[in-house]
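The next block holds one structure in the form of C-alpha cells; read it before the comments.
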Amino acid sequence: MEVINEPQSIEPIALEKPLLFLIDDDEEILTLFKKVLESDFETKTIIDPIEAIQEAEKSSPSGIILDLQMPNIDGYEALKIFREHPFTASIPIICMSSDTGEHIRTRLDSLGANGFLRKPVKTESLAKTLKNIFRSLNQTVKSKRGDFNCTITFNDLEKNKLIFTQVKSLLRKGEKVVFLSWTQGKDFNDDELEKFIEEERLIFLEIKSSMIQKFPFMQNISPIMADIFGFTSESLHNFHLVFDEPRNLYDLNEQEKALSKTMELSRLINTSFKGSHIYMTRTSNSSIRLFQLKIARVFSGMTAN
Numbered sequence: 056m057e058v059i060n061e062p063q064s065i066e067p068i069a070l071e072k073p074l075l076f077l078i079d080d081d082e083e084i085l086t087l088f089k090k091v092l093e094s095d096f097e098t099k100t101i102i103d104p105i106e107a108i109q110e111a112e113k114s115s116p117s118g119i120i121l122d123l124q125m126p127n128i129d130g131y132e133a134l135k136i137f138r139e140h141p142f143t144a145s146i147p148i149i150c151m152s153s154d155t156g157e158h159i160r161t162r163l164d165s166l167g168a169n170g171f172l173r174k175p176v177k178t179e180s181l182a183k184t185l186k187n188i189f190r191s192l193n194q195t196v197k198s199k200r201g202d203f204n205c206t207i208t209f210n211d212l213e214k215n216k217l218i219f220t221q222v223k224s225l226l227r228k229g230e231k232v233v234f235l236s237w238t239q240g241k242d243f244n245d246d247e248l249e250k251f252i253e254e255e256r257l258i259f260l261e262i263k264s265s266m267i268q269k270f271p272f273m274q275n276i277s278p279i280m281a282d283i284f285g286f287t288s289e290s291l292h293n294f295h296l297v298f299d300e301p302r303n304l305y306d307l308n309e310q311e312k313a314l315s316k317t318m319e320l321s322r323l324i325n326t327s328f329k330g331s332h333i334y335m336t337r338t339s340n341s342s343i344r345l346f347q348l349k350i351a352r353v354f355s356g357m358t359a360n
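Each residue of the sequence shown is one higher than the one before, starting from 56 at the first, in this note's numbering.
Given below as C-alpha cells:
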C-alpha cells in the first residue's frame with residue numbers, strides 16, 4: 056500500500072480555471088498577483104478579510120492567499136475566523152509574510168494554514184508554486200499494483216475536477232467505465248462523454264437518496280452490484296469503477312458500522328471490477344479525517360490498521 060500526497064498522473068484536459076481569493080491591504084501587490092496568475096487562475100482581489108467570507112457565500116474559491124501583516128484585522132485573526140466559518144472552513148489557505156521565523160510557521164499550523172509564501176514573493180514562479188501546494192493537499196492511497204485506489208481531496212471543487220479528468224482519461228485510453236455519482240447527468244455530461252455513453256463504454260449511474268436510506272440497514276449489499284450489472288450485458292470485470300463520495304452512504308461518526316460497510320463494499324468492488332477509483336472530500340473534523348484515511352486504505356484493498 057502506498058500513500059502519496061498527490062493524485063496519480065492522468066491526462067490533462069481543458070477545465071475551468073480554479074478561483075483564488077487574493078487578500079492583501081496593498082493594492083499594488085494585488086494588481087501584480089492578479090496579472091501573473093491570470094493564465095492559470097481566476098482571481099478576486101480583496102482588501103478586507105471579512106469581505107472574503109461574504110464572497111465565499113456567493114462563489115466558493117479553490118484557495119485563499121492571505122497576507123499576515125494587515126491593519127485592523129491581521130492575518131492570524133483572519134485565518135482563525137476563516138477556519139471557524141462554515142463557508143471557508145475547508146478552503147485551502149496559503150499565508151504570506153516577510154517574517155519566516157519558526158514561531159510563525161508553528162502558529163500558522165496550529166490555526167490551520169495549508170501553506171506559506173515568503174515575501175517578497177517570486178512572481179515568475181508563483182503560479183507553479185501554488186499549483187504544487189494545492190496538489191500536495193490531496194492524498195491518494197493505492198493498492199500495490201495501482202489498480203484500486205482512493206483519493207481524498209481538499210475540497211469539492213478539486214474532487215469534481217479530478218473525477219472528470221479521471222473518467223475522460225480512462226475512456227480515452229480505451230477503457231470502459233461505470234461512474235457512480237450523486238451528480239445529475241445533465242451536470243456531468245458533455246458531447247465527448249455522450250459519445251462514450253452511446254458506445255456503451257461509459258455507464259453513468261446517479262445515486263438516489265433511497266440508497267442512503269437503505270444502505271445502513273442492508274445486511275447484504277450485493278444487490279448493489281446486481282443493480283449495476285443490470286445496465287450492461289458485459290462482465291463488470293471489463294469496467295473500471297469511478298465512485299463519488301461513498302462516505303455519503305453512512306455516518307462517519309459511527310465508525311465501527313461505517314468500517315464494516317466499507318469492508319463489505321470494498322470486497323464487492325475489488326472482486327467485481329477491473330479497477331476502482333474512489334473519491335472523497337476531506338472533512339474539516341480532524342478525528343474523522345484520520346478515519347477517512349482508514350477507509351481509503353480499505354477501498355484500496357488494504358487492512359484498516
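No residue lacks a Cβ here, since even glycine has one placed at the ideal position from N, Cα and C.
Rounded to the nearest whole angstrom, the CA to CA distance from residue 83 to residue 146 is 25 Å. Counting only residues of its own chain and dropping the five nearest sequence neighbours on each side, residue 262 has a CB closer than 7 Å to the CB of 235, 236, 237. Residue 231 has 294 as its beta-bridge partners, per DSSP. Shown here, residue 194 sits in a strand according to DSSP, grouped into three states. Burial state of residue 79 is buried, judged by a 10 Å Cβ sphere holding 16 or more other Cβ atoms. Cα atoms of residue 344 and residue 337: separation of roughly 6 Å, rounded to the nearest angstrom.
Residue 75 is positioned such that its CB atom lies closer than 8 Å to that of residue 120.
Ranked by how close their Cα comes to the Cα of residue 135, the residues 180, 168, 334 have 168 in first place. For residue 307, the three-state secondary structure derived from DSSP is coil.
Under the DSSP definition of a beta bridge, residue 357 lacks any partner. Residue burial annotation: residue 99 is buried, with at least 16 other C-beta atoms found within 10 angstroms of its C-beta.
Put simply, the backbone Cα of residue 172 is about 16 Å away from that of residue 190. Look at the beta carbons and you see the region 290-303 touching the region 316-330: at least three pairs across the two are nearer than 8 Å.
Three or more Cβ pairs closer than 8 Å define a contact, and the region 215-230 falls short of that threshold against the region 102-113. In this structure, the beta-carbon distance from residue 149 to residue 118 falls below 8 Å. Residue 86: member of the alpha helix (DSSP H) spanning 82-92, first to last residue.
Assigned with DSSP and collapsed to three states, residue 76 falls in strand.
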